[in-house]
């Protein structure tokens, strides 16, 4: 047996640099835990001539073969991001008998099946704790600690950028555009913020969580996605008045044998444990038949938190290697579960309308809802905007299709000037 | 290879019944995850003639040998509770080559070293996720997901009874005695509530958490313990006024190479993630050099949540068995770390005194604090009780010994009628 476990890393950006730091600064205790030292041998970079301040000497290369064909390297860490060539490199690493640890939610959410099949075939580990929730332990707890449960629901705040923005809008009454500009200035949001504010990043993470929670393959394409770009400070003020906060939630729920998977802004009761998760923090809330409710909270992104998750996986792969137990826990998607179309999902809705300020309008609106079997739980009418009355309602739980039909009717009514907001409400 | 994995269980109380239910109701998916079915074969009970409604037929026996000597049984679940004979049975099970899963905090906190040594010797698994935090995944996340971190601090609400009581006292302004009576009536507190309200239960769990977090053996005897019996509704009202809640915290913190481990009521800032953990819920908050802050929240006790953790461990042991990787992760206490005496631990303190209502008294009190280098951060004097003035102060961070000396001086002063409360304050 070799006297150390050698690791190659693909990528040396933010997360890769964090991984190098953690492996170095906690190397002694990691060696104790594994039984032998873990050594970062070679790192794939784009430009081998760039100045880098690494905590330890490490070989850099711009040829992936220097890692994939190195028989001394047992574990490959993929922290390049993006679908290709990351996926191709991971598949080649597995074929070469190397264990793969990745932080790449894009690849896992879209190509999990292919990667798991390759890992199974090669009998290597394929670990991806860092792909969801940054440093928060969530994949392993779901796959192992909660493995005895029938999971009904996983609900999470899994995108730090949007949570930071919604927190700012809530705490400081700011508008979306101002908060986005601030988040970009602070480096919390990208120059092109679509993946975050459009909910796509959260949807990828949800596909991964749902696949594990429900033992069934759920991909990014299965997830219904609405972002936060239409959320206004008025919506947030209404939410607060009614005892809610608005959060971008990623929700996976079992509904009579089908799975509902969706990312959308949500009115969440202020008393819900997720309602206090603010700023760039993430949290995942799980309901299971045995555990009841559990929640996992922490930093969902960043150099060191993500590195924490990557190194945890590397240690696990190394322990398996040491024990001859590689490929110990692979794909757990052994069920086929149909996806519930968004039109059939049920929720209460918060709806905000501008209507003509004249007698009989409320009756007409109530009639349009009633015609689609949408009952109203509460109605607030308290202010005028440009001569119109603003009407805010919360419905009882109804199928999305009924709400859409009612809204479509209302959009055609002369007394309705504008449908301003349509936001789902989470029940306790 | 056998076509199923057979399990024996010691004890069929609340948790044992839950384990039997979970193994039965989720048996099909558990079999998929492990690769073969897990079958509960034999259960040790006190009275074999008692009527029981179990979800599946199972052999009951009052002879432990029927389990320990049964070569078909691979995994033994210990849910009897108490130190003996539970410890003896677990050691014998390991010697017989059986993997052991336990929910027994008493044995793990006091005899972890002996049990780990036996597991190592026999190369069997020894798993105890259920011993801390009921259903909350915390042991495995610390041992695996966060294994790359240097952990600085673990701080938890790990006793549901006291958290329920403090929540009631806070939300309803009730007194300790009334809340205790109610908790006993609801079955949340035992007839003899000492282990809970005295902090002993929390101290056992803290010893387990600290051992894992700091890679060093910490036992129950190392933990400084104060319970909540002296907490009054007045203390809670002051806390609330000052922006705090009072929680019974189990705190393990690294202090310059030594470990401070203590359980005591604590003024916790209302903005802290643990401050919103109410009722019977538990949560463990962890700080590490890579992950930053993480928190694990859920039901800390009860039939099904505890069974969730036990069955998660059984599945893990079964996966190891299937892969020939038993004993994959055993004792991680490879360091020796001295314990910091409580007298040297530092904290700000909330102190409430009854003093004579006359000129010069405040100066005398301030002088007594100052003589021990205890500086005051805030002083509140606003009401009289029995002709005395009530004085509430919060100090800056000071060593416990200085506070005790100052208090001892004050207790001897004629102008001080009574030292009513001395409660540590957690900093953000």
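Chains as they are written, first to last, in our numbering: chain A, 15 to 442; chain B, 15 to 442. Even for Gly, the Cβ is constructed at its ideal location relative to N, Cα and C.
I'd like to know whether the C-beta of residue i is nearer than 7 Å to at least one C-beta of chain A.
i, result
"residue 266 of chain B", "no"
"residue 321 of chain B", "yes"
"residue 326 of chain B", "yes"
"residue 318 of chain B", "yes"
"residue 171 of chain B", "no"
"residue 185 of chain B", "no"
"residue 296 of chain B", "no"
"residue 227 of chain B", "no"
"residue 159 of chain B", "yes"
"residue 286 of chain B", "no"
"residue 47 of chain B", "yes"
"residue 329 of chain B", "yes"
"residue 308 of chain B", "yes"
"residue 292 of chain B", "no"
"residue 149 of chain B", "yes"
"residue 425 of chain B", "no"
"residue 144 of chain B", "no"
What residue range is occupied by the uninterrupted alpha helix (DSSP H) comprising residue i?
i, result
"residue 196 of chain A", "190-200"
"residue 44 of chain A", "41-48"
"residue 337 of chain A", "317-337"
Mind checking who residue i pairs with in its DSSP beta bridge?
i, result
"residue 23 of chain A", "A/57 and A/91"
"residue 311 of chain A", "A/297 and B/309"
"residue 431 of chain B", "For residue 431 of chain B, which the question treats as bridged, DSSP gives no partner whatsoever."
"residue 361 of chain A", "A/412"
"residue 370 of chain B", "B/402"
"residue 170 of chain B", "B/264 and B/298"
"residue 438 of chain A", "A/280 and A/363"
"residue 75 of chain A", "A/58"
"residue 349 of chain A", "A/230"
"residue 407 of chain B", "B/365 and B/393"
"residue 449 of chain B", "Nothing about residue 449 of chain B can be reported from this structure: the residues present for chain B run from 15 to 442 only."
"residue 165 of chain A", "A/302"
"residue 52 of chain A", "A/19"
Short check: CB of residue i to CB of residue j, under 7 Å?
i, j, result
"residue 305 of chain A", "residue 149 of chain B", "yes"
"residue 178 of chain A", "residue 36 of chain A", "no"
"residue 308 of chain B", "residue 300 of chain B", "yes"
"residue 107 of chain B", "residue 114 of chain B", "yes"
"residue 234 of chain B", "residue 209 of chain B", "no"
"residue 320 of chain B", "residue 262 of chain B", "no"
"residue 250 of chain A", "residue 260 of chain A", "yes"
"residue 302 of chain B", "residue 165 of chain B", "yes"
"residue 163 of chain A", "residue 322 of chain B", "yes"
"residue 354 of chain B", "residue 269 of chain B", "yes"
"residue 326 of chain A", "residue 167 of chain A", "no"
"residue 369 of chain A", "residue 405 of chain A", "yes"
"residue 344 of chain A", "residue 134 of chain A", "yes"
"residue 277 of chain A", "residue 232 of chain A", "no"
"residue 265 of chain B", "residue 146 of chain B", "no"
For chain B, check one thing: does any of its Cβ atoms lie closer than 7 Å to the Cβ of residue i?
i, result
"residue 311 of chain A", "yes"
"residue 348 of chain A", "yes"
"residue 20 of chain A", "no"
"residue 283 of chain A", "no"
"residue 89 of chain A", "no"
"residue 36 of chain A", "yes"
"residue 362 of chain A", "no"
"residue 164 of chain A", "yes"
"residue 138 of chain A", "no"
Just curious, the beta strand (DSSP E) that residue i is in, first and last residue?
i, result
"residue 389 of chain A", "That residue, residue 389 of chain A, is in no beta strand (DSSP E); it is neither H nor E in DSSP."
Whole runs of the alpha helix (DSSP H) within the region 199-285 of chain A, excluding any shorter than 4 residues: 208-211, 214-227 and 247-255
Contiguous beta strand (DSSP E) assignments of at least 3 residues, all confined to the region 87-143 of chain A: 87-92 and 113-116
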